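Quick note, our numbering runs 233 ahead of the 1-based positions in the sequence shown. The structure appears below as C-alpha cells.
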Amino acid sequence: MSTERIFLSPPHIGELEREFVKEAFDTNWVSPVGPNLTAFELELAQYNKIPYCTALSSGTAAIHLALILANVQRDDEVICSSFTFSGSCNPIVYQGATPVFVDSETLTWNMDPVLLEEAIEDRIKKTGKKPKAIILVHLYGMPAQIEAISHIAKRYEIILIEDAAEALGSKVNGKHLGTFGDLGIYSFNGNKIITTSGGGALVSENKAWIEKAAFLATQARDKAPHYEHTHIGYNYRLSNISAGIGRGQLRVLDERIEKRRQIYDWYKASLNQSGQFIFLEEPKGYYANRWLSTVLFTNIQMGNELTREKVRLELEKHNIESRPLWKPMHLQPVFKDAPAYSNGISEKLFESGICLPSGTQMSQKMVTEIAEKIKRIIR
Ligand SMILES: *Cc1c(COP(=O)(O)O)cnc(C)c1O
234 MSTERIFLSP PHIGELEREF VKEAFDTNWV SPVGPNLTAF ELELAQYNKI PYCTALSSGT
294 AAIHLALILA NVQRDDEVIC SSFTFSGSCN PIVYQGATPV FVDSETLTWN MDPVLLEEAI
354 EDRIKKTGKK PKAIILVHLY GMPAQIEAIS HIAKRYEIIL IEDAAEALGS KVNGKHLGTF
414 GDLGIYSFNG NKIITTSGGG ALVSENKAWI EKAAFLATQA RDKAPHYEHT HIGYNYRLSN
474 ISAGIGRGQL RVLDERIEKR RQIYDWYKAS LNQSGQFIFL EEPKGYYANR WLSTVLFTNI
534 QMGNELTREK VRLELEKHNI ESRPLWKPMH LQPVFKDAPA YSNGISEKLF ESGICLPSGT
594 QMSQKMVTEI AEKIKRIIR
C-alpha cells in the first residue's frame, strides 16, 4: 500500500507562525534575544495565569535549571515519577544527584501519593536526610493527583517541580498544570501539543528564581563591559526565531486541545463497545489536554505475543505509527541501581498499553479507520 504515513504526533504549523518568523528575519532579531522571545514568555505566562516565565532551548534544560534553583547538589536525592520519559530524570544525574523513582496509581497513571510518602519516610530513615526535590510528571496530558502531592511536598518542605512537558493546557479545578508546584516546566519539542521546533519553558511565582534561570541560561554573564563570571552558566536560551513559532502556536493552543480531546472521544466511541479496551477517564474536576490518546488491552497477551506489540506491528504494515506506553525508569538499564518504590502498576501499563496516532490534522474518518483496524487485529 502506498498510503501516506500517519505519525503519532507530528507538528501542526500554520500561517501565523510564518508571519512571526518572517518578522524576526525582517527585523534581524535572529539570536536568543528579541521581541518574539519577550512576547512569547509574557503570553505563555498569561495563558497559564502565572507571573514569571523564561523560555529555554528544551524541556530538559528547564528541568535542569529547576534542579539548580532547588539547590540540588552532588549526592543529594531527587524523587521522580518512574512512569515517564527519560528527559524528566536525566537532569538529576547531570547534577551528580541520585534519582529515586516512585511508581504510579491507576486513577491517573501518575505518581502514587501514598507511595510517595512511603518513599520520603524511607529515604529519611535510610540516608538521614530528606530528598531535595520531587519531579512530578503529568503523563499524556492527564493531571496527576496534584493536590494530594502538593500537600505532601509542603508538609515535608520539599521543593515540587511539575513536569508538564506533555500537559500544557491541562487543568485541575480550572488551575493550569505547571502552576501548582514551586516550579513548572513545559516542552515545545516537535511532537508536543504545540512546538517551537524545539524548546521549553520554566515558570514560577518566584521572580528571583526565574531571573536567575534566565541568567544561568545565558552563560551566567555578570554585569560588566567585558565577560565576567561568578557562576557556571549554560547555553539554554530559546532563540527569537523559535519563539516566533511559539507565539503563533500559542494562539491555536486551545483549538489544538479541543481537537486532541475530540480524537480521544472518536477512538473511545469506536473501541469502547467491545470491552476489550480500557480508556483513561478524567477524574472529576480534571481537564486533560489528551496530548496522546492511549488505550489498554484487557487481554495483555495474544498467544505468546504481547497484544500491544501485535497491534503495533500490524498498524505499522499499514504505515500507521503507534508506540508502547513509556517504559518505566526503574526498569531502564541505565537506572538499574537507582532506589525505586514500585507497586507493579507502571510495569503493567507498559505491557498492556499503546499510544495511538493523535495528530491534530487527522479527520474523524482516519481515526475511525485506525480503530476499525485495531478491532480486526484483536478479533
Ligand atoms: C518531552 C518531555 C520532556 C523533555 O522535553 P524536551 O523539550 O524534549 O527536552 C520531559 N518530560 C516529559 C514527560 C516529556 O514528555
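Backbone N, C-alpha and C define an ideal beta-carbon position, used for all residues, glycine too. For clarity, every value in this text was computed on a predicted model and none was experimentally measured.
Cβ-Cβ separation, residue j to residue i (assumed contact under 8 Å), whole Å
i: P376; j: S403; result: 5 Å
i: W559; j: F334; result: With a Cβ gap of about 12 Å, W559 and F334 do not count as contacting.
i: A366; j: V311; result: 5 Å
i: R470; j: T451; result: 5 Å
i: N418; j: G407; result: For the sequence presented, residue 418 should be read as Ile rather than Asn. In fact, because the Cβ distance is near 21 Å, the residues do not count as touching under 8 Å.
i: E514; j: P284; result: Wrong, their Cβ atoms sit about 33 Å apart, outside the cutoff.
i: W524; j: R494; result: Actually they are not in contact, since the Cβ atoms of W524 and R494 sit about 10 Å apart, beyond 8 Å.
i: D415; j: I392; result: 5 Å
i: T287; j: L435; result: 5 Å
i: S430; j: S264; result: So it is not a contact: roughly 16 Å between Cβ atoms.
i: I474; j: I553; result: Wrong, their Cβ atoms sit about 33 Å apart, outside the cutoff.
i: H459; j: A453; result: That pair is no contact at about 14 Å.
i: N522; j: A400; result: 6 Å
Exposure of residue i, with buried meaning 16 or more beta-carbon neighbours within 10 Å
i: D570; result: exposed
i: K191; result: Residue 191 lies beyond the stretch modelled for the chain, which goes from 234 to 612, so this question has no answer here.
i: Y467; result: buried
i: G536; result: exposed
i: N269; result: buried
i: A457; result: exposed
i: I533; result: exposed
i: Y328; result: In the sequence as presented, Tyr is not what sits at residue 328; that position holds Gln. Q328 should be labelled buried.
i: L440; result: In the sequence as displayed, the identity of residue 440 is Lys instead of Leu. So K440 counts as exposed.
i: S507; result: exposed
i: K425; result: buried
i: D308; result: exposed
Spatial neighbours of residue i in its chain, beta-carbon cut-off 8 Å, leaving aside the 5 residues before and after
i: H557; result: At residue 557 the sequence reads Pro, which differs from the His that was named. Same-chain partners within the cutoff: R541, E542, R545, F583, G586, I587 and C588.
i: L340; result: Q378 and P516
i: F413; result: I379, E380, S383, L393, E395 and V405
i: G577; result: D336
Alpha carbon of residue i to alpha carbon of residue j, nearest angstrom
i: S526; j: A398; result: 16 Å
i: E605; j: S503; result: 7 Å
i: I246; j: W262; result: 21 Å
i: M562; j: P346; result: 18 Å
i: A447; j: Y280; result: 20 Å
i: C313; j: L298; result: 16 Å
i: F240; j: C322; result: 26 Å
i: F318; j: V370; result: 9 Å
i: P243; j: Y373; result: 15 Å
i: I325; j: T293; result: 10 Å
i: Q378; j: I490; result: 21 Å
i: T331; j: S291; result: 22 Å
i: S579; j: S383; result: 21 Å
i: G320; j: A295; result: 10 Å
i: Y574; j: I357; result: 14 Å
i: W342; j: K445; result: 33 Å
i: F421; j: I427; result: 6 Å
i: R612; j: T236; result: 24 Å
i: K501; j: L529; result: 11 Å
i: M234; j: E549; result: Only weak support exists for where M234 lies, its pLDDT of 49 falling under 50; the value from the coordinates is given anyway. Spanning the two alpha carbons is a distance of roughly 11 Å.
i: D411; j: G361; result: Checking the sequence shown, residue 411 turns out to be Gly, not Asp. Using only the alpha carbons, I get a separation of about 30 Å.
i: E350; j: H551; result: 46 Å
i: R238; j: Q306; result: 45 Å
Neighbourhood of residue i by C-beta, 7 Å cutoff - its chain only, sequence neighbours within 5 removed
i: W499; result: Q597, V600 and T601
i: L249; result: G481 and R484
i: Y389; result: I353 and K363
i: I607; result: L504 and V544
i: I610; result: K543, V544 and E547
i: L449; result: L298, I301, H464, G466 and Y467
i: L564; result: E580
Cβ shell of residue i (< 6 Å), same chain only, five flanking positions each side left out
i: W442; result: L302
i: G477; result: F253, V254, A257 and N269
i: A381; result: P346
i: F273; result: A288, A476, G479 and R480
i: F510; result: L504 and V528
i: K276; result: According to the sequence provided, residue 276 is Glu. The question's Lys does not apply to it. Same-chain partners within the cutoff: L483.
Ligand 2 heavy atom lying under 7 Å from the CB of residue i
i: G402; result: This structure does not include ligand 2; its bound ligands are ligand 1.
* Let me have the residue list for ligand 1: C-beta closer than 7 Å to any non-hydrogen atom, ordered along the chain. => S291, G292, T293, A294, I296, T317, F318, G320, S321, V370, L372, D396, A398, E399, S420, F421, N422, K425, G431, G432 and G433
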